[in-house]
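Asks: Below is a structure I'd like to ask you about.
Chains as they are written, first to last, in my numbering: chain A, 2 to 768; chain B, 2 to 768.
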């Protein structure tokens, strides 16, 4: 039977692109940091990266990007003065493994040098319990007696796209703890790495040079004996809210771990992860390929979920490196947030806290970007402060070598609506209003205010319009009345009104404070007006098709193949005003269909089918966000074969890592957490057919052909459920700890689910 | 003393570009047609063109363009079987002359072939009295007896950019009259050319082959004797409103002219032109260069002024060929109309009738272009029907070879305001309301309606805004609140209101009919509202500078030189969304300054100076419309040296013909009637300081250094004046036929000018 809880490979190669891809596939992370799936002996050239969440730095005029920490996990082994590397020619065999159960990375490599076989094996994990901590087991053994030198400690020579980000690197040693610290360029934030190791063999010395702070172990290894040591490293930065100096905190963290010991650390890691999997795993029977891909996707999401209390979010390439500037896009709210809010609300709340934290940046953007001029216009590419990291010119033109002006930053206004919708959904699905009270309501009102300041009134048509925007389909910039954007804006007004209504009933005092703080009371009637009279393109009465934006239907017909055939240069961009797609109906990614996915309770299956069938052949799927939107909507009107194909494509994107990693000369590689989220959405919301409404959950399963059983956990209004779906029955297991009895709508039939109950319902799968 | 009433050249060359330029410089025209300044013996390869006004045709998918008529002026001479051409190697000397006094073209060429010198001299003009008629005198003489063959008649092999436009060409002979007729491709309009000649020597035969219909004259020429014949050709098309078949009309026209005789025809031509010059000439003392250039410019305008009753307008390249599709742009209203309305209102009225004629096309455009959706959105490039000949993709990208999307057609909405303003100015300056009654009022109301349907209301700022437009500066497309455009739109609302008010007082019955026809009465309050609350960017309180559009001040500083230095390809376009000028403040042509020129009574000299000084260094002057706008405004705050330099540049553009004639592979050569008009405007409105208001003319002369005297005629409210300006005095001669006494404001001082009076006023030139 195939192991569906790990991946492993025996490949080793020194092709830089393979190293890069391997680094992504085998990465581990714990929300605080990501550690690329590189090997112990690797350095900067082999793309070692320990990418930190929520701390950014800029060197000169290059893009600001997340800071990579010095590598506290470094260990190299020399035999006879020759350093061994899995990329070198002394390798007999190599295997590396990523274990899903506790997010551990393991490697074993056998080297042969001058007749001696030497085996290195190691395991590492980033602690799910102690976010700053990394734990490593390292062993060597030889088949003959040999003189071996092991260097282990902290390597400050690390991979950076636009670095180096740490100035004044200094190495210290405090008792047996090694330290390497430095300061970011832009805001002089201190970053410190501490490392402790319990080496019970050899002669241990110390070596500190060239940004490395290492202990040197000289060992006369006996034949057949395994020498093992454990090392613990901790990363702290000035962003960490600790009561003592961060150097002390780092030392304490590694010392405490060492005292606890490796085995105990592993046990705690496994327990933590057991809990994560209990909440978030999805099991699929009958389809190992889908099971492995989906579980791997879920692993990715669980690993990069922000640390409690951090108010961090998940960047578009998560913690796999510095690509996309480590910035947070709409991806998080639209494609990752659903997974967390349905399975792990404590993580969902952090994602939204990040938006509260960056509200002032969004206010600054609204004031300066010239679209609206008030309220909150969230950054298209958001870093620490919420000021926009997106440049106005950010795609290379291969014909001129110049950067093309795009309007992602200044015209993709839907981002503010995406944030408001997720903010409200957190409350709507969890029933927990604490987020609204701690700033969520303020975000929502400011987003509505922004849309009001950006909307124009069409006097002749007696309606508000959202003009001059870029929708999800970035190939058609500066369009008017984009259905997705206008729908999202209209929803924001409705949510703002609902928020005020809710506060009026439940939190009148907080409402008064908030209204006074924002001086917004006079504007509320305008929100009502806009919620009623903001224009959203409606389905054509005859065809049911919704026009993506004003004039879309007048564009030229074409096909993706035809456009590609007309390309002169392989890297030419299809949008940016003059690209080949611009005068045509060819779109980059789901746009109207994205709206149907996001607002799937508002449109009939007939409308979904009509629009899906109209737009799908006209979609390039040039974004990893596109396939899953089409897949989810496809489940809703019964095109399960398509949905399955695109589900697999989405779920396997990071596992197979076959995506393009360079666009022009720009490195784009890394993980795709939005696709990971999209895979979960397609499985649970699509095939599982889950729709959580205001008052209850509805489930309309539409299992694809191969799947015999789909089993997943759901969290709703603070209570927990496990759904077990077959082709003919659905079993709802309600947690014994649930606070109340829920009515679950199974294939349209209301079913009472009391705490601790197990209710099995027969159903007929919708066609 | 230099002759300031003609130009001539002794050059002859066969470089195609020189032939092309020469053809423009020496063209003649009579409003019905233009005859390029080519020689009698020239054919298609030498760019012979007789371009007809107001008749268009399209072949396949090429651009629709004006039809060129078969060349009824063709004559070639052979000696000993060798055809003589001024471009050949037998030329001893050559001279060609354009006489301004009666718009006649003359040439004399001496050939030497096998020891014999043969002189060809000819003269030709297009009748100012009989628009369809061309008249030619042709003479030859030899210094030795020689056998000469003369072929004269109609040559159907003519130059076309996107032709041939005449199908089923057929040659006929009716008595002695030669005929060549054909039909346009698109709408099968018949075009016929008739030719008659009175040849009193030699043996005359007939030859008809290869699209030529010729008489062949075999002459045994005696030494020293001059043989002269006269020929008359007439062009008629199905557009001509004649009571008989156009073939008959053409035959009658040439027969009548032949009966009248050449000398009488010349006498009538001279008398007609005497009258034109009386009205429109401007004399400058002290500056022959300026005098010649300005008079040449005026000649161009007088030659291409539309035929009475034709309701034709003047294309951007007038009748010099088919460049720019023979289309009418805003150039006509903004840069040619002032010359005509001030000196020759009967021609101005035709220009505006053209807009009335094409109102339905403008209505169609409004309905389909997606900017507004009602009223009249005039074509950016207007041909017969008023449907837009401008393409969405009309500039070649040298990097990709593709055409760039520009927004000239769909976003340059100011065209409708330009039309409305000129329509109203005709009434305001002539006092003649017949144009308003015959459709001008309808045009004005429909333009206002268009702007109302295109305007959006900014609820927060409580104002209408005109969004997403292209102003005169075409490098910055799709901008909001362009000062020029918004000012013009606002003026249109005011004019619409004034029109209704005027009709209410003077033509209540016609008003009722009009309001009913347009169903527009309910909309009038909205026009009042828009006239009051439409936003136009105001001068900055500190600097006086008006922001060209929202966000202009935030663009990068640069210089024209810097941009040019950054160009990779000499033909790369600086606009179209990704061009080098787009992110910078560098503008193509006068925009804010164009507004200050158009509305020059509304802004103080201080504001003009501030904006001129801000924008001039940022202007590329990439359009021939730019220099004169800056020149006129420069006169108003005293930068006379700059004004003079740019006046000369503008006035000499067609005379020197040094402009670029190819942009990429697109031929752009031809005359520049807008610059011709701009030269007149700079001289009379700028240096002369003429401002005609609602009730009276004001004159604030600001003669440039060189000019001792400036003398011109003005027509105002149906009365005529001659202004004679020196550095210290201004003499107003009022025509004896004037209907009333006018008050002329001379340098701020009111002066009574009764019919037949000559009033001399001392003044001090403003600084």
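For every residue, glycine included, the Cβ atom is placed at its ideal position computed from N, Cα and C.
Predicted model only: the values in this text are computed from it and were never measured.
Under 8 Å, do residue 332 (chain B) and residue 366 (chain B) count as touching if we go by C-beta distance?
Replies: Taking the second chain and counting its residues from 1, one reaches residue 332 (chain B) at position 331. Taking the second chain and counting its residues from 1, one reaches residue 366 (chain B) at position 365. Contact: no.
Asks: Is there contact between the region 271-288 of chain A and the region 308-328 of chain A, where contact requires at least three CB pairs shorter than 8 Å?
Replies: At 8 Å Cβ cutoff, the stretches do not touch.
Asks: In chain B, what lies closer than 8 Å to residue 468 (chain A) by C-beta?
Replies: To locate residue 468 (chain A), count along the first chain from 1; it is residue 467. Under the 8 Å cutoff, chain B gives 457, 468, 469.
Asks: Tell me, which residues are paired with residue 731 (chain B) by DSSP?
Replies: Within the second chain, the letter at position 730 stands for residue 731 (chain B). According to DSSP, residue 731 (chain B) bridges with B:726, B:762.
Asks: Mind checking which residues open and close the alpha helix (DSSP H) that includes residue 338 (chain A)?
Replies: Looking up residue 338 (chain A) in the first chain gives position 337. Counting along the chain, the alpha helix (DSSP H) containing residue 338 (chain A) begins and ends at 338-344.
Asks: For a cutoff of 8 Å on Cβ pairs, would you count residue 662 (chain A) as touching chain B?
Replies: The residue you call residue 662 (chain A) lines up with position 661 of the first chain. Not closer than 8 Å to any Cβ of chain B, the Cβ of residue 662 (chain A) fails to qualify, so no.
Asks: With distances taken from CA atoms, which of B:38, B:54, B:55 is nearest residue 47 (chain B)?
Replies: Residue numbering aside, residue 47 (chain B) sits at position 46 when the second chain is read from its first letter. Of the listed residues, the one whose Cα sits closest to residue 47 (chain B) is B:38.
Asks: Which residues bound the alpha helix (DSSP H) around residue 674 (chain A)?
Replies: Counting from 1 along the first chain, the entry for residue 674 (chain A) is found at position 673. 674-681 is the extent of the alpha helix (DSSP H) around residue 674 (chain A).
Asks: Is it right to say residue 557 (chain A) is buried, meaning 16 or more other beta carbons lie within 10 angstroms of its own, or is it exposed?
Replies: As a first step, residue 557 (chain A) must be located in the first chain, where it is residue number 556. The residue is exposed, with fewer than 16 neighbouring Cβ atoms inside 10 Å.
Asks: Does the beta-carbon distance from residue 110 (chain A) to residue 83 (chain A) come in below 8 Å?
Replies: Position 109 of the first chain, counting from 1, holds the residue named residue 110 (chain A). Position 82 of the first chain, counting from 1, holds the residue named residue 83 (chain A). For residue 110 (chain A) and residue 83 (chain A), no; Cβs fall outside 8 Å.
Asks: So, are the CB atoms of residue 532 (chain A) and residue 494 (chain A) less than 8 Å apart?
Replies: Taking the first residue of the first chain as position 1, residue 532 (chain A) is located at position 531. Taking the first residue of the first chain as position 1, residue 494 (chain A) is located at position 493. Going by C-beta atoms, residue 532 (chain A) is nearer than 8 Å to residue 494 (chain A).
Asks: Who are residue 69 (chain A)'s beta bridge partners in DSSP?
Replies: Walking along the first chain from the start, residue 69 (chain A) turns up at place 68. A:52, per the DSSP bridge assignment.
Asks: Going by the CB atoms, is the gap between residue 101 (chain B) and residue 297 (chain B) shorter than 8 Å?
Replies: Working through the second chain from its first residue, we reach residue 297 (chain B) at position 296. Working through the second chain from its first residue, we reach residue 101 (chain B) at position 100. The answer is yes: Cβ separation under 8 Å.
Asks: If the cut-off is 7 Å on Cβ atoms, which residues from the region 544-576 of chain B count as contacting chain A, listed in chain order?
Replies: Against chain A - using a Cβ distance shorter than 7 Å - the residues of the region 544-576 of chain B are 551, 552, 569.
Asks: For residue 575 (chain A), collect the residues of the same chain with a Cβ closer than 6 Å to its Cβ; drop the 5 residues on either side in sequence, then sort them by chain order.
Replies: Indexing the first chain from 1 puts residue 575 (chain A) at position 574. Within the same chain, residue 575 (chain A) has close Cβ partners 476, 581, 582.
Asks: According to the neighbour-count rule (16 or more other Cβ atoms, all chains shown, within 10 Å of its Cβ), is residue 642 (chain A) buried or exposed?
Replies: If you number the first chain from 1, residue 642 (chain A) lands on position 641. Exposed, since its Cβ has fewer than 16 Cβ neighbours within 10 Å.
Asks: Spatial neighbours of residue 705 (chain A) within its chain, please: C-beta separation below 7 Å, excluding the five flanking residues on both sides.
Replies: What you label residue 705 (chain A) is simply residue 704 of the first chain in a count that begins at 1. Hits under 7 Å: 641, 644, 645, 688.
Asks: Determine, using beta carbons only, whether residue 6 (chain A) and residue 295 (chain A) come nearer to each other than 8 Å.
Replies: The residue you call residue 6 (chain A) lines up with position 5 of the first chain. The residue you call residue 295 (chain A) lines up with position 294 of the first chain. Not closer than 8 Å, so no.
Asks: Using DSSP with H/G/I as helix, E/B as strand and the rest coil, what is residue 334 (chain B)?
Replies: Taking the first residue of the second chain as position 1, residue 334 (chain B) is located at position 333. Residue 334 (chain B) falls in the helix class under three-state DSSP.
Asks: The beta strand (DSSP E) spanning residue 478 (chain A) covers which residue range?
Replies: Translated into the one-based positions of the first chain, residue 478 (chain A) becomes position 477. From DSSP, residue 478 (chain A) is part of no beta strand (DSSP E); its letter is neither H nor E.
Asks: Check the C-beta distance from residue 713 (chain A) over to residue 685 (chain A) and give it rounded, since I have them as a contact under 8 Å.
Replies: What you label residue 713 (chain A) is simply residue 712 of the first chain in a count that begins at 1. What you label residue 685 (chain A) is simply residue 684 of the first chain in a count that begins at 1. With a Cβ gap of about 5 Å, residue 713 (chain A) and residue 685 (chain A) count as contacting.
Asks: Could you tell me which residues DSSP pairs with residue 143 (chain B) in its beta bridges?
Replies: For the purposes of this step, residue 143 (chain B) is identified with residue 142 of the second chain, where counting begins at 1. Residue 143 (chain B) is bridged to B:119, B:224.
Asks: Can you pull out the residues from the region 384-403 of chain B whose beta carbon lies closer than 9 Å to at least one beta carbon of chain A?
Replies: Listed by position along the chain: 393, 394, 398, 400, 401, 402, 403.
Asks: Select from B:132, B:718, B:133, B:754 the residue whose C-alpha is nearest the C-alpha of residue 430 (chain B).
Replies: For the purposes of this step, residue 430 (chain B) is taken as the residue at position 429 of the second chain. Residue B:718 is the option with its Cα nearest to residue 430 (chain B).
Asks: Do the region 655-675 of chain A and the region 242-262 of chain A meet, that is, are 3 or more Cβ pairs less than 8 Å apart?
Replies: As far as the Cβ criterion goes, the region 655-675 of chain A does not touch the region 242-262 of chain A, which means the pair count is below three.
Asks: Measure from the C-beta of residue 487 (chain A) to each C-beta in chain B and report whether the shortest distance is under 8 Å.
Replies: As a working mapping, residue 487 (chain A) is identified with position 486 in the first chain. It does not; no Cβ of chain B falls within 8 Å.
Asks: Classify residue 712 (chain B) as helix, strand or coil using the three-state DSSP reduction.
Replies: Position 711 of the second chain, counted from the start, is the residue given in the question as residue 712 (chain B). Strand.
Asks: Is residue 678 (chain A) closer than 8 Å to residue 424 (chain A) when the C-beta atoms are compared?
Replies: Reading the first chain from its first residue, position 423 is the one you call residue 424 (chain A). Reading the first chain from its first residue, position 677 is the one you call residue 678 (chain A). Not a contact, by the Cβ cut-off of 8 Å.
Asks: Please confirm whether residue 406 (chain B) has its beta-carbon closer than 8 Å to some beta-carbon of chain A.
Replies: Counting from one through the second chain, the residue named residue 406 (chain B) turns up at place 405. For residue 406 (chain B), the answer is yes, since a Cβ of chain A falls inside 8 Å of its Cβ.
Asks: Compute the Euclidean distance between the alpha carbons of residue 107 (chain A) and residue 122 (chain A), then round it to the nearest angstrom.
Replies: The count along the first chain starts at 1 and reaches residue 107 (chain A) at position 106. The count along the first chain starts at 1 and reaches residue 122 (chain A) at position 121. Cα-Cα distance, rounded: 7 Å.
Asks: Let me check one thing: in DSSP terms, what residues is residue 9 (chain A) bridge-paired to?
Replies: In the first chain, the residue the question calls residue 9 (chain A) occupies position 8. Looking at the DSSP assignment, residue 9 (chain A) forms a beta bridge with A:98.
Asks: Quick one: is residue 446 (chain B) buried, meaning 16 or more other Cβ sit within 10 Å of its Cβ, or exposed?
Replies: Taking the first residue of the second chain as 1, we reach residue 446 (chain B) at position 445. Label assigned to residue 446 (chain B): buried.
Asks: Closer than 8 Å, CB to CB, is residue 454 (chain A) near chain B or not?
Replies: Working through the first chain from its first residue, we reach residue 454 (chain A) at position 453. Cβ-Cβ to chain B under 8 Å: yes for residue 454 (chain A).
Asks: Indicate the three-state DSSP secondary structure (helix, strand or coil) for residue 500 (chain A) in the structure shown.
Replies: One-based indexing of the first chain puts residue 500 (chain A) at position 499. Looking at residue 500 (chain A) - three-state DSSP - the assignment turns out to be helix.
Asks: Under a CB-based cut-off of 8 Å, is residue 372 (chain A) close to chain B?
Replies: Your numbering for residue 372 (chain A) matches position 371 in the first chain. Chain B, which has no Cβ nearer than 8 Å to the Cβ of residue 372 (chain A), makes this no.
Asks: Can you tell which of B:391, B:65, B:120, B:52 has its C-alpha closest to the C-alpha of residue 77 (chain B)?
Replies: Stepping through the second chain from its first residue, residue 77 (chain B) is reached at position 76. It is B:120.
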